[in-house]
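Each remark here refers to the structure printed beneath this line.
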Amino acid sequence: MSKADPLAEYNRKRDFARTAEPAGKKQTSESGRLFIVQKHAARRLHWDFRLEVDGVLKSWAVTKGPSADPGDKRLAVRTEDHPLSYARFEGSIPQGEYGGGTVMLWDQGTWAPVAGKSASDLEAGHLHFTLEGERMKGEWLLVRMKGRPGEKRENWLLRKVGDSHALSGDGLVEEGLTSVLTGRTMAEIAADKQGAQSLEGKSGKAFSKAMNEASKHNAGAVKAQPARRSRSSRAAAPPKFRDVQLATLVDTVPGGNLWMHEIKFDGYRALAAVSGEQVRIYTRSGLDWSDKFAPLIEKLAALDLPPSLIDGEIVARGPDGNPNFSSLQAVLKRGHGAQKVTDALEFHAFDLLELDGRDLAPLPNIERKERLEALLAEAKAPIFVADHVIAAGEKLFEAMCAAGQEGVIAKRIDAPYAGRRTRNWVKVKCTRRQEFVIVGWNRSRAKGRPFSSLLLAQHEDGKLIYRGKVGTGFDTETLRELADRLDPLARKTAPAEVDRVEARGATWVTPKLVAEIAFAEFTSEGRVRHASFLGLRSDKSAREVTPEMPKPSPKAAVEVEVSSRDRVIFPESGQTKGQLADYYAAVAPLMLPYAANRPISLVRCPQGRARKCFFQKHDSGSFGDHVFHVPIREKDGGSEDYLYINDADGLVACVQMGTIEFHGWESRADAVEKPDRMIFDLDPDEGLDFTDCRRAAQDLRRQLSDIGLVSFAMLSGGKGVHVVVPLTPGHDWETHKDFARRFAEALSTAEPDRFVATMSKAKRKGKIFIDWLRNQRGSTAVLPYSARARAGAPVAVPISWDELDSTKDAHPFSIDDAEALIERSSALHGWGFTEQRLPDF
Numbered sequence: 001m002s003k004a005d006p007l008a009e010y011n012r013k014r015d016f017a018r019t020a021e022p023a024g025k026k027q028t029s030e031s032g033r034l035f036i037v038q039k040h041a042a043r044r045l046h047w048d049f050r051l052e053v054d055g056v057l058k059s060w061a062v063t064k065g066p067s068a069d070p071g072d073k074r075l076a077v078r079t080e081d082h083p084l085s086y087a088r089f090e091g092s093i094p095q096g097e098y099g100g101g102t103v104m105l106w107d108q109g110t111w112a113p114v115a116g117k118s119a120s121d122l123e124a125g126h127l128h129f130t131l132e133g134e135r136m137k138g139e140w141l142l143v144r145m146k147g148r149p150g151e152k153r154e155n156w157l158l159r160k161v162g163d164s165h166a167l168s169g170d171g172l173v174e175e176g177l178t179s180v181l182t183g184r185t186m187a188e189i190a191a192d193k194q195g196a197q198s199l200e201g202k203s204g205k206a207f208s209k210a211m212n213e214a215s216k217h218n219a220g221a222v223k224a225q226p227a228r229r230s231r232s233s234r235a236a237a238p239p240k241f242r243d244v245q246l247a248t249l250v251d252t253v254p255g256g257n258l259w260m261h262e263i264k265f266d267g268y269r270a271l272a273a274v275s276g277e278q279v280r281i282y283t284r285s286g287l288d289w290s291d292k293f294a295p296l297i298e299k300l301a302a303l304d305l306p307p308s309l310i311d312g313e314i315v316a317r318g319p320d321g322n323p324n325f326s327s328l329q330a331v332l333k334r335g336h337g338a339q340k341v342t343d344a345l346e347f348h349a350f351d352l353l354e355l356d357g358r359d360l361a362p363l364p365n366i367e368r369k370e371r372l373e374a375l376l377a378e379a380k381a382p383i384f385v386a387d388h389v390i391a392a393g394e395k396l397f398e399a400m401c402a403a404g405q406e407g408v409i410a411k412r413i414d415a416p417y418a419g420r421r422t423r424n425w426v427k428v429k430c431t432r433r434q435e436f437v438i439v440g441w442n443r444s445r446a447k448g449r450p451f452s453s454l455l456l457a458q459h460e461d462g463k464l465i466y467r468g469k470v471g472t473g474f475d476t477e478t479l480r481e482l483a484d485r486l487d488p489l490a491r492k493t494a495p496a497e498v499d500r501v502e503a504r505g506a507t508w509v510t511p512k513l514v515a516e517i518a519f520a521e522f523t524s525e526g527r528v529r530h531a532s533f534l535g536l537r538s539d540k541s542a543r544e545v546t547p548e549m550p551k552p553s554p555k556a557a558v559e560v561e562v563s564s565r566d567r568v569i570f571p572e573s574g575q576t577k578g579q580l581a582d583y584y585a586a587v588a589p590l591m592l593p594y595a596a597n598r599p600i601s602l603v604r605c606p607q608g609r610a611r612k613c614f615f616q617k618h619d620s621g622s623f624g625d626h627v628f629h630v631p632i633r634e635k636d637g638g639s640e641d642y643l644y645i646n647d648a649d650g651l652v653a654c655v656q657m658g659t660i661e662f663h664g665w666e667s668r669a670d671a672v673e674k675p676d677r678m679i680f681d682l683d684p685d686e687g688l689d690f691t692d693c694r695r696a697a698q699d700l701r702r703q704l705s706d707i708g709l710v711s712f713a714m715l716s717g718g719k720g721v722h723v724v725v726p727l728t729p730g731h732d733w734e735t736h737k738d739f740a741r742r743f744a745e746a747l748s749t750a751e752p753d754r755f756v757a758t759m760s761k762a763k764r765k766g767k768i769f770i771d772w773l774r775n776q777r778g779s780t781a782v783l784p785y786s787a788r789a790r791a792g793a794p795v796a797v798p799i800s801w802d803e804l805d806s807t808k809d810a811h812p813f814s815i816d817d818a819e820a821l822i823e824r825s826s827a828l829h830g831w832g833f834t835e836q837r838l839p840d841f
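First residue of the sequence shown: 1, per the UniProt record's numbering; consecutive thereafter.
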């Protein structure tokens, strides 16, 4: 960088005919101590931290954003000096230009070195200073890290010093979602294509005046009035409404590991269509009830989610703490979405249908749930992800009934989402509750009571069938409101056929109102017995109301027959082919989120693991109807059919053909050219302790975190650890492979005594091989929960980072431990799923 012109590099990198960024020259604010932070959504999101020194803004890119927690050391990569005019830049840099993306003024204020220090300390690689900003306050440190051989960039660490302004956690970044200049979100800035709400984006008098104003009053900034926000000014519109999946009423809870079970909430079914601050809430029939649930919309908007369509239930709790439909109606009557009902409403999400433009409905139920867990990992009350259990549905049902709740919903774990009623979702109720159409009412002889009972009906075979009366469950206010709703609907004739005795004295109404009724049973005449009114259902139309008669519970089981079940596959420990098939059937709920709809290669050992084993990735059709084929282009220009599976039957069908191990591509069968995960296989040399491998995995995790990537650990079932990085599809295989290679080589260069990034046996002596070669088109890695063709029948198992520290080896579980793996899986919800782009390095 030229000493004569410190801004030469800044000006060289930008085409000011295309970008609104200001062309720069040296100048000084009145205080000479301006500081700003700009949130910058370029190819990877980061925060640009800038300090005024000698007429320019010294700049660092902070990958995860500043943290007020003294325990957090944030990587800050030194970048070129910026002009002071940049202190008011907010807007969009065109794609294709240097730093293309959205820029928000995230913080502003003044800075000063602590007593005895000065700005010249930067040259020595250490600056101790104080900040007086709108978000960042108190004492801070910038420390330059020791450079590595061949490394061009200058890495520093930004850290908060413990003082009265120190905080725990990531509150600064999590809560600082709007501009301190205009009050806008990142999406609103991105949508402002003409820069109408930004300050002028060029150098000149307007910027000089703004900078001088910003340096007054010791605060270093005069905050502009927040721009008026518009929820429609988003970079991407929320997804559209689609028909919801409905559950079939059954008499008993289905058993087996192919079912996941959730609480049946007593509220309003709702689809939340979200894109950043744009949120719409629809009823099950497609009515837009966003105005009724405004407090929940604000909470969902604050999460700043990518375009998503989330299925769930809105509830309010009754006096006993349980979700209660009557309480929900009371809340809506009382507040109609006003702020005072914020704490009363809850949204319990249980499915994810669309995410960032991708249709997730074809994916297995369990994978959609895992992706939902990852999407809402940071959500707090009143936004929840509905818990689920696998297999233990009867116990959950008994607990719900004992607690006075409505019942449970059971969902087939490998089923896609269907916008209709199916038997892949079934419901079991603790008490009988159904919807009925109100067709009339009987007057009351009691003073002040407008009616004594309501007459009910349901649609059946194209006409209304009378179902009896309900005379309890009304308080004084409900009676009055119902009377007001019924009076305008009065008619002379009965809309349903009612016998003369029960019709005596009735006032008939046009059948438009739907009531939720609890009752003990239907009598032999088809009348409700011991009925109690719960509330009106304004989210459902009268024509939808039909009787629900419980059907026999589905008997979901693996359909594939396994022959030669007694054949010993693992001679050292004695496990058989039948036991292996049973293992895969049991862990299918855990394995399918990672194995379904992904090209796979199989390790087949038809005569057992000690005999001849071989890889197989193609099939002529011998695997049966549950194993599918996807054509994939080969290097020679032709194509071959590769294998993939979608359900538990597919897993077991492969076992029937002698499969022990399942290895998967890092892309999906419907998007083979778009990798969606990166895997670093840490393979220790013989003689190294597993402690070395654990430590290496944690080091990779930290290095990935420093460049903004979340990673997960998996025990390979052999001797090493896989570090798994889920990615949002969008880059190609060449980019994928190149990034993985450079990352692995950088680690091996930095610590050549510990790591090696080449397969050469001669160079791996006493070291850990960072196997990045799995990150190329056509390569595979062992899938989570796959058995391994090794002595003892070990399995590859996802593990939390905390749990990894106390693990003794890479194969603590075998195919005998399916039940234990299912029990521990509840602590791993969302493992291996997160939305993140590959950084531009």
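Built from N, CA and C at the ideal position, the CB exists for glycine as well.
Query	Result
Strand pairing of V56, partner residues [DSSP]	V53
Whole-angstrom C-beta distance between M145 and K39, which should lie under 8 Å	So it is not a contact: roughly 23 Å between Cβ atoms.
Given 8 Å, three or more beta-carbon pairs between the stretch 745-755 and the stretch 138-158	yes
Three-state class that DSSP yields for G138 in the structure shown	strand
Rounded straight-line distance, which links the Cα of R358 to that of E123	48 Å
Beta carbon of residue 852 nearer than 8 Å to that of V37	The structure shown has nothing for residue 852, since the chain only spans 1 to 841.
Cβ neighbour criterion (16 or more within 10 Å) applied to Y126	It is worth fixing the name first, because residue 126 is His in this sequence and not Tyr. Its Cβ having fewer than 16 others within 10 Å, H126 is exposed.
Opposing strand residues paired with V114 [DSSP bridges]	The partner list for V114 (beta bridge, DSSP) is empty, contrary to what the question assumes.
Which of helix, strand or coil DSSP assigns to H731	coil
Rounded C-alpha distance that separates L592 from V756	33 Å
Other residues of its chain near H829: CB distance less than 6 Å, five sequence neighbours each side excluded	E373
At least 3 beta-carbon pairs within less than 8 Å: the stretch 306-314 vs the stretch 263-280	yes
Rounded C-alpha distance that separates D676 from E139	40 Å
L534 classed as buried or exposed, judged by whether at least 16 other C-beta atoms fall within 10 angstroms	buried
Close Cβ partners of A791 (< 6 Å) along its chain, the five nearest in sequence each way excluded	E572
Cα-Cα separation, R774 to F680	8 Å
Straight-line Cα distance separating Q656 from V562	5 Å
Cβ shell of F384 (< 6 Å), same chain only, five flanking positions each side left out	H348
Cβ neighbours of Q703 in the same chain (closer than 8 Å, five flanking residues each side left out)	F743 and L747
Residues bridged to L536 (per DSSP)	A515
Residues bridged to I768 (per DSSP)	P684 and F755
E175 burial status per 10 Å Cβ neighbour count (16 or more: buried)	exposed
Given 8 Å, three or more beta-carbon pairs between the stretch 69-87 and the stretch 16-24	yes
Whole-number beta carbon distance between G109 and F35, since they are thought to touch under 8 Å	6 Å
Cβ-Cβ distance between R284 and D539 below 8 Å	yes
Cβ pair A781, H663 closer than 8 Å	yes
Beta-carbon separation (whole angstroms), P729 vs A669, contact threshold 8 Å	Contact flag wrong, Cβ pair sits at about 13 Å.
Three-way DSSP call (helix, strand, coil) for V498 in this model	coil
Pair within 8 Å by beta-carbon distance, T510 and G440	no
Residues that DSSP places opposite P794 in a beta bridge	S814
Local Cβ density within 10 Å of T476, reported as buried at 16 or more and exposed below that	exposed
Helix, strand or coil at P226 [DSSP, three-state]	Its pLDDT being 26, under 50, P226 is placed unreliably by the model, and the measurement read from it follows with that caveat. Coil at P226, not helix or strand.
DSSP state of M591 mapped onto helix, strand, coil	helix
A4 to L131 span [Cα, whole Å]	29 Å
Inter-residue CB distance, V630 and D619 (contact presumed, cutoff 8 Å)	No, V630 and D619 are not in contact; Cβ-Cβ is about 11 Å, not under 8 Å.
Whether L643 touches P606 by CB criterion (8 Å)	no
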